[in-house]
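Q: Please see the structure below; I have some questions.
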Amino acid sequence: MINISEVSETNAMIEKENLDVRTITMGISLMDCIDSDLQVLRQKIYDKIYKSAANLVKVGEEISTDYGIPIVNKRISVTPVALVGGSACHSPEDFAQIAVTLDKAAHDVGVNFLGGYSALVSKGMTKADKLLIESIPQALSETELVCSSINVGSTKTGIDMDAVRMMGRIIRETAEKTADRGSIGCAKLVVFCNAPDDNPFMAGAFHGVTEADRILNIGVSGPGVVKKALESVHGKDFETLCETVKKTAFKVTRVGQLVAKEASRRLGVPFGIIDLSLAPTPAVGDSVADILCEMGLEYAGAPGTTAALALLNDQVKKGGVMASSYVGGLSGAFIPVSEDQGMINAVNTGCLTLEKLEAMTCVCSVGLDMIAIPGDTKASTISGIIADEMAIGMINQKTTAVRLIPVIGKGVGEQVEFGGLLGYAPIMPVNPFSCEEFISRKGRIPAPVHSFKN
Amino acid sequence: MQRAIITVVGKDTIGIIAGVCTYLAENRINILDISQTIVQGYFNMMMVVDVTTLEKPFGQMADELAVLGREKIGVQIKCQKEEIFDLMHRI
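Residue numbers (numbering that gives the first Met the number 0), protein chains in the order written: chain Y, 0 to 453; chain H, 0 to 90.
Here is the structure:
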């Protein structure tokens, strides 16, 4: 039987070290809503989401009470809207109306975010894809809970540079449209390479076309728990360090597995995957950067950071896969700047630069995440940064993403406040040299040679 | 059997166990095991209970226990279903 020290350990993790289940995300297919009449399509989308997710928040809260574990977010992901709206939408404004419907549905069921205002254009864009992308600035400025993601490349297809060029401009336009709110629209917009179909985390969640009608994906968290565990092995060798991270990741993931099974049973929706990600929050002690410091770095970004992060990411996966049979999504350490106090400190001291962050994204999931850049950054420069990050994903057969926020009216040395889970961010300098000519080339970057495995 | 773990933590005082046990008896909750220590004046107790015969929703009972602890006894009381501990500490 369970003993008192084990019970105390679990409760200390929850109460003092910010252990939580970061999100229960219900994936909902909208394929059966497709209609050539926009108003009919909107009604069908609303009805399907409302019917599927009406109890999601309530069940999440019940599970949270039963086990005493906070479940921070309840979210919804839907089929990429470019696929659903193709036959009904003839202009960007038409697509933006779907975003408004999604936002209303999300508000009415009480979820924190709804993802899937997306297009998958890794090899080329259809007319609908182009219209959806053009509608993003309007859609994100007129809605509150809708998140958008665009997959512009993959290891199998290469990188669609036309989409990359377009996204540089769209990110700028989104920033301008939401300039009065710290350009927050860009915090809800991600550009991906190798985007997973079952990611529960925002802003990049969408319900892939390979998925079932409805599915539950769970994102666990727990940087604070890992940091606390590492405090007890201060100065020990790497084997001990790795063992400690693995054991902790196992415990964290088992909690996620429990919540996943219970939510699946109570909602009558199949369980999809657990995403083993160390997702930080702006709360003190809930930071991935602090784990790196605990390993022995003065600040995140110091020499050794990439190695420390690689070790951390790998051990989290090794511990986590033992705890759940269905692991998927992004599964890795997140290194957003604005959502992690340790990262913000590292930027403020000058230790962490955009270039070092880029190197770190080679060994961990996601990519350049929640990075505020000067408001006068050119669209072509943003596209250049996206292209670099996509290339890392394409060549290394991993997911990479870019979520940059050009904060209109602000420059290096200032900071922007988003509030809540999104936190605040110091504005980071961007390399000022031009990539205009490279980005204005048309077409796509071919798939790398190691994609020909068949 | 549906088991739950009750933890009680706080400054030691008269009547902690009595207060908790009275509530459990009134609500048809059977106690299976109790372990308790006092470290530097701080009371620390864990109870394993059977909630199969509980008549109200689990969440309501957990809330009532928390209120009882906070407002009447002056300790922190948590009640959680057992699986979270089992899964975390047993393979």
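Glycine included, each C-beta is placed from N, C-alpha and C at the ideal position.
Source: prediction; values computed, not measured.
Taking Lys-250 of chain Y as the query, report the chain H residues whose CB atoms sit under 8 Å from its CB, ordered along the chain.
A: On the first sequence, position 251 is the one that residue 250 of chain Y refers to. Under the 8 Å cutoff, chain H gives Met-87, His-88.
Q: Does the segment 98-116 of chain Y come within contact of the segment 75-82 of chain Y, defined as at least 3 CB pairs closer than 8 Å?
A: yes
Q: According to DSSP, which residues form a beta bridge with Cys-20 of chain H?
A: Translated into the one-based positions of the second sequence, residue 20 of chain H becomes position 21. Answer is none; Cys-20 of chain H lacks a bridge partner.
Q: Nearest to Arg-122 of chain H by alpha carbon, out of H:Lys-55, H:Gly-14, H:Lys-77?
A: No statement about residue 122 of chain H is possible, as the shown extent of chain H runs from 0 to 90 and does not include it.
Q: Could you pull the DSSP bridge partners for Arg-443 of chain Y from this structure?
A: As a working note, residue 443 of chain Y is residue 444 in the first sequence. DSSP, once it has assigned bridges, lists Y:Asp-159 as partnering Arg-443 of chain Y.
Q: Taking the alpha carbon of Glu-16 of chain Y as the point to measure from, which residue in Y:Ile-23, Y:Met-389, Y:Ser-7 has its own alpha carbon closest?
A: If you number the first sequence from 1, residue 16 of chain Y lands on position 17. Closest option to Glu-16 of chain Y, Cα to Cα, is Y:Ser-7.
Q: What's the C-alpha gap between Met-60 of chain H and Leu-257 of chain Y?
A: One-based indexing of the second sequence puts residue 60 of chain H at position 61. One-based indexing of the first sequence puts residue 257 of chain Y at position 258. Going by the C-alpha atoms only, they are around 21 Å apart.
Q: Considering only residues of the segment 195-271 of chain Y, which uninterrupted beta strand (DSSP E) runs meet the minimum length of 3 residues and lie entirely inside it, listed in chain order?
A: If one requires a minimum length of 3 residues, the beta strand (DSSP E) runs lying completely within the segment 195-271 of chain Y are 213-219, in chain order.
Q: What does Met-44 of chain H pair with, by DSSP beta-bridge criteria?
A: In the second sequence, residue 44 of chain H corresponds to position 45, counting from 1. Bridge partners of Met-44 of chain H: H:Val-7, H:Gln-35.
Q: Please report how far the alpha carbon of Met-0 of chain H lies from the alpha carbon of Asp-65 of chain Y, in whole angstroms.
A: Your numbering for residue 0 of chain H matches position 1 in the second sequence. Your numbering for residue 65 of chain Y matches position 66 in the first sequence. Between Met-0 of chain H and Asp-65 of chain Y, the C-alpha separation is close to 16 Å.
Q: Would you mind telling me which residues of chain H sit closer than 8 Å to Leu-257 of chain Y, beta carbon to beta carbon, in chain order?
A: Your numbering for residue 257 of chain Y matches position 258 in the first sequence. Within 8 Å Cβ-Cβ: Glu-82, Ile-83, Leu-86.
Q: Roughly how many whole angstroms lie between the Cα atoms of Phe-531 of chain Y and Gly-319 of chain Y?
A: Absent from the structure is residue 531 of chain Y, since the part of chain Y shown begins at 0 and ends at 453.
Q: Using a Cβ-Cβ distance cut-off of 8 Å, determine whether Gln-79 of chain H contacts chain Y.
A: For the purposes of this step, residue 79 of chain H is taken as residue 80 along the second sequence, with counting starting at 1. Yes, contact with chain Y.
Q: Keeping to the same chain, check which residues put their C-beta closer than 8 Å to that of Ile-13 of chain Y; ignore five residues upstream and five downstream.
A: Residue 13 of chain Y sits at position 14 when you count from the first residue of the first sequence. Contacts found: Asp-19, Gly-67, Ile-68, Pro-69.
Q: Any heavy atom of the ligand FMN closer than 7 Å to the beta-carbon of Val-110 of chain Y?
A: Summarising the ligand content, the structure contains no ligands, and the ligand FMN is consequently not present.
Q: Quick one, which of Y:Met-30, Y:Thr-24, Y:Ile-97 has its alpha-carbon nearest Asn-72 of chain Y's?
A: As a working note, residue 72 of chain Y is residue 73 in the first sequence. Considering only alpha carbons, the answer is Y:Thr-24.
Q: Chain H partners of Asn-430 of chain Y, CB-CB under 7 Å?
A: Position 431 of the first sequence, counted from the first residue, corresponds to residue 430 of chain Y. Simply none; closest approach about 46 Å.
Q: Whose CA, out of H:Tyr-41, H:Gln-79, H:Gly-68, lies closest to the CA of Thr-21 of chain H?
A: What you label residue 21 of chain H is simply residue 22 of the second sequence in a count that begins at 1. The option with the nearest alpha carbon to Thr-21 of chain H is H:Gly-68.
Q: Assign Gly-115 of chain Y to one of three DSSP states: helix, strand, or coil.
A: Locating residue 115 of chain Y in the first sequence gives position 116, where the first residue counts as 1. If DSSP states are grouped into helix, strand and coil, Gly-115 of chain Y belongs with the strands.
Q: How about Gly-328 of chain Y and Phe-200 of chain Y: are their beta carbons less than 8 Å apart?
A: Taking the first residue of the first sequence as 1, we reach residue 328 of chain Y at position 329. Taking the first residue of the first sequence as 1, we reach residue 200 of chain Y at position 201. Contact flag set, yes.
Q: If we ignore side chains and look at the alpha-carbon of each, how far apart do Ile-214 of chain Y and Thr-360 of chain Y end up?
A: Residue numbering aside, residue 214 of chain Y sits at position 215 when the first sequence is read from its first letter. Residue numbering aside, residue 360 of chain Y sits at position 361 when the first sequence is read from its first letter. Each residue's alpha carbon lies about 29 Å from the other.
Q: Please check if any C-beta of chain Y sits within less than 8 Å of the C-beta of Ala-61 of chain H.
A: Residue 61 of chain H sits at position 62 when you count from the first residue of the second sequence. Ala-61 of chain H counts as touching chain Y.
Q: With a cut-off of 8 Å on the beta carbons, I'd call Val-74 of chain H and Ile-15 of chain H a contact; round off their distance for me.
A: Position 75 of the second sequence holds residue 74 of chain H. Position 16 of the second sequence holds residue 15 of chain H. Contact holds; Cβ gap of about 6 Å.
Q: For the candidate residues Y:Asn-150, Y:Gly-123, Y:Lys-409, Y:Phe-432, whose alpha-carbon lies nearest to that of Asp-179 of chain Y?
A: By 1-based counting over the first sequence, the position of residue 179 of chain Y is 180. With distances taken between Cα atoms, Asp-179 of chain Y lies closest to Y:Lys-409.
Q: For Gln-79 of chain H, report the span of its beta strand (DSSP E) as first-last.
A: Walking along the second sequence from the start, residue 79 of chain H turns up at place 80. Note, Gln-79 of chain H: beta strand (DSSP E), 75-80.
Q: Hey, is the segment 158-178 of chain Y in contact with the segment 223-241 of chain Y, meaning 3+ C-beta pairs nearer than 8 Å?
A: At 8 Å Cβ cutoff, the stretches do not touch.
Q: Mind checking whether Val-190 of chain Y and Ile-385 of chain Y have CB atoms under 8 Å apart?
A: The residue labelled residue 190 of chain Y in the question sits at position 191 within the first sequence. The residue labelled residue 385 of chain Y in the question sits at position 386 within the first sequence. Yes, these two residues count as a Cβ contact at 8 Å.
Q: Could you give the first and the last residue of the continuous alpha helix (DSSP H) run that contains Val-389 of chain Y?
A: Position 390 of the first sequence, counted from the start, is the residue given in the question as residue 389 of chain Y. Going by the sequence as given, residue 389 of chain Y is Met instead of Val. Counting along the chain, the unbroken alpha helix (DSSP H) around Met-389 of chain Y starts and ends at 378-395.
Q: Who are the Cβ neighbours of Asp-285 of chain Y in its own chain at under 6 Å, not counting the five residues just before and after it?
A: Counted from its first residue, the first sequence places residue 285 of chain Y at position 286. So the list reads Asn-17, Pro-222, Gly-223, Pro-279, once near-sequence residues are dropped.
Q: Hey, is Gly-58 of chain H's beta-carbon within less than 8 Å of any beta-carbon in chain Y?
A: Here residue 58 of chain H corresponds to residue number 59 of the second sequence, with the count starting at 1. Output row for Gly-58 of chain H: interface = yes.
Q: Apart from the five residues just before and just after Pro-447 of chain Y, which ones in its own chain have a Cβ nearer than 8 Å to its Cβ?
A: Mapped onto the first sequence, residue 447 of chain Y falls at position 448. Around Pro-447 of chain Y: Thr-154, Gly-157, Met-393, Ile-394.
Q: Closest to Thr-12 of chain H by CA distance: which of H:Asp-85, H:Lys-71, H:Cys-78, H:Thr-52 is it?
A: Translated into positions along the second sequence, residue 12 of chain H becomes position 13. Comparing Cα positions, the closest option is H:Lys-71.
Q: Using only CA atoms, which one of Y:Ile-3, Y:Gly-383, Y:Ile-272, Y:His-89 lies nearest to Val-219 of chain Y?
A: By one-based count along the first sequence, residue 219 of chain Y stands at place 220. Here the closest residue by C-alpha is Y:Ile-272.
Q: Would you mind reading off the limits of the alpha helix (DSSP H) that contains Tyr-66 of chain Y?
A: Looking up residue 66 of chain Y in the first sequence gives position 67. That run of the alpha helix (DSSP H) goes 55-66.
Q: State the Cα-Cα distance for the pair Val-485 of chain Y and Lys-377 of chain Y, rounded to the nearest angstrom.
A: Beyond the ends of chain Y as shown, which are 0 and 453, falls residue 485 of chain Y; an answer cannot be given.
Q: In angstroms with no decimal places, state the Cα-to-Cα distance between Ile-391 of chain Y and Glu-416 of chain Y.
A: By 1-based counting over the first sequence, the position of residue 391 of chain Y is 392. By 1-based counting over the first sequence, the position of residue 416 of chain Y is 417. Cα-Cα distance, rounded: 30 Å.
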